[in-house]
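Engineer: Structure incoming, see below.
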Amino acid sequence: MTPLKRTLIEKAGHDHGFEHVLPSSASAVNMSSARHPARLAVSLLPQGYAAALVQGPPTLWFELYRSFASLPRDGAAFIAATDADLAQWLRRASA
């Protein structure tokens, strides 16, 4: 992941409810918030972004699956093809 892509992911997280960037790996950006208990990881894929809920209330998992049933998944991660899809997912996860 390039520094520019990492910064863009961090900014998207900040703009949509995840203002804290946690220690991250070279391939993923980990984010959280002081306003809610959800923590997530976003990594870059050739077809877009993989966004996964790392920690959160059990009801949030079900709500994300219900709200984003049309997004493809890779295991527990949702595949967001565009920046707008990622922003919408982040906004819903923080709500």
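When the letters of the sequence shown are read in order and numbered with our numbering, they come out as residues 1 to 95. Glycine is no exception: its CB is placed at the ideal position from the N, C-alpha and C atoms. Small disclaimer: the values here were computed from a predicted structure and weren't measured.
(1) Could you check which residue in Gly-75, Asp-74 and Thr-59 has the C-alpha nearest to that of Arg-92?
(2) Go through the region 26–54 residue by residue and report every complete run of the beta strand (DSSP E) that reaches 3 residues or more, in order.
(3) So is Leu-45 in contact with chain B if we call contact Cβ pairs under 7 angstroms?
(4) Have a look at Asp-74 and Ala-50 and give me their C-alpha separation to the nearest angstrom.
(5) Please check the pair Ala-34 and His-20, which I expect to be a contact at CB under 8 angstroms, by giving their CB distance rounded to whole angstroms.
Structural biologist: Looking at the coordinates:
(1) By one-based count along the sequence shown, residue 92 stands at place 92. Comparing Cα positions, the closest option is Thr-59.
(2) 28–32 and 39–45
(3) Considering every chain present, this structure includes no chain B. It has just one protein chain.
(4) Here residue 74 refers to the residue found at position 74 of the sequence shown. Here residue 50 refers to the residue found at position 50 of the sequence shown. Between Asp-74 and Ala-50, the alpha-carbon positions lie close to 8 angstroms from each other.
(5) Here residue 34 is taken as the residue at index 34 of the sequence shown, counted from 1. Here residue 20 is taken as the residue at index 20 of the sequence shown, counted from 1. That belief holds up - the Cβ atoms of Ala-34 and His-20 are roughly 7 angstroms apart, short of 8 angstroms.
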